[in-house]
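*Asks:* Below you will find the structure I want to go over with you.
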Amino acid sequence: MARYGMVIDTVRCVGCMDCVVACKTENQVPEGFGRDWIAYETRGAFPTVSMEIRSERCNHCDDAPCVSCCPTGASHVDPFGQIVMVTHDVCIGCKACVASCPYDARFVHPEGYVDKCTFCIHRVKEGKDPACVSVCPTHCMHFGDFDDPNSRVSRLLASRRNHPLKAEAGTRPRIYYLV
Ligand code: SF4
Ligand code: SF4
Ligand code: SF4
Numbered sequence: 005m006a007r008y009g010m011v012i013d014t015v016r017c018v019g020c021m022d023c024v025v026a027c028k029t030e031n032q033v034p035e036g037f038g039r040d041w042i043a044y045e046t047r048g049a050f051p052t053v054s055m056e057i058r059s060e061r062c063n064h065c066d067d068a069p070c071v072s073c074c075p076t077g078a079s080h081v082d083p084f085g086q087i088v089m090v091t092h093d094v095c096i097g098c099k100a101c102v103a104s105c106p107y108d109a110r111f112v113h114p115e116g117y118v119d120k121c122t123f124c125i126h127r128v129k130e131g132k133d134p135a136c137v138s139v140c141p142t143h144c145m146h147f148g149d150f151d152d153p154n155s156r157v158s159r160l161l162a163s164r165r166n167h168p169l170k171a172e173a174g175t176r177p178r179i180y181y182l183v
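Just so you know, the sequence shown maps onto residues 5 to 183 in this note's numbering.
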């Protein structure tokens, strides 16, 4: 069974937002909401300042509090690639999952259910990359199976310095950023 995740190269990301636009188009994300977004983080002090530009989204955490706190089972781990999903018609909109997510990755859709990144499971099942990954003009995003030591994501993690986001939250996020 695969365990899908992403590796994103912050050195190549230019913050063009193509990933954000692609996600909105592919997944009909309503105006004013986003399943992915760009974050900017400045480090150091003049004259050795550096800026990390990151494309962020749900981390499809291995220990996902949004799944364990959901009272209805709407938030769940799909056996296909262990992707964290929300079954819209089972969600009662209680927002427990929204509060539990350390990454602020979820939002309440105007139709009343909670929504977030699905790793474009519908595309991945057809053998395609997620929409955001497929449009990136600098090819800084990589999607694949962390349980396969020969996958591109596993090889990139083994060969480049990297960090997840908010590891201290203890959710074991499955997106890593190359630095
Ligand atoms: Fe859940 Fe947030 Fe982790 Fe996504 S990033 S699996 S919404 S806790
Ligand atoms: Fe579950 Fe929906 Fe409540 Fe989130 S808002 S915890 S998905 S029922
Ligand atoms: Fe949006 Fe799909 Fe990328 Fe998730 S994987 S941010 S749903 S385009």
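Ideal placement from N, C-alpha and C gives every residue a C-beta, glycine not left out.
(1) Going by CA-CA distance only, name the one from D119, C62, P106 and S54 that's closest to A78.
(2) Let me check understanding here. Comparing Cα to Cα, which of A49, V183 and M145 lies closest to G9?
(3) At a cut-off of 7 Å, would you count K99 as near ligand 1, judging by its Cβ distance to the nearest heavy atom?
(4) Since F150 and R7 should fall inside the 8 Å C-beta cutoff, what is the C-beta to C-beta distance between them, to a whole number of angstroms?
(5) Just to confirm my understanding: we take M89, look at its own chain, exclude 5 residues before and 5 after, and list those with CB closer than 8 Å. What are they?
(6) Can S187 and C17 be called in contact, C-beta distance under 8 Å?
(7) Using the C-alpha atoms, what's the distance from V157 back to G97?
(8) Starting from the C-beta of L160, find all residues in its chain whose C-beta is less than 7 Å away, skip the five residues before and the five after it, and write them out in chain order.
(9) Which partner residues does L161 have in the DSSP bridge list?
*Replies:* Quick look at the numbers:
(1) D119
(2) M145
(3) no
(4) 5 Å
(5) S79, H80, V81, D82, T122 and I125
(6) Coverage of the chain is limited to positions 5 through 183, which leaves residue 187 absent and any answer about it impossible.
(7) 34 Å
(8) V11, H146 and L182
(9) Paired residue(s): none; L161 is not in a bridge.
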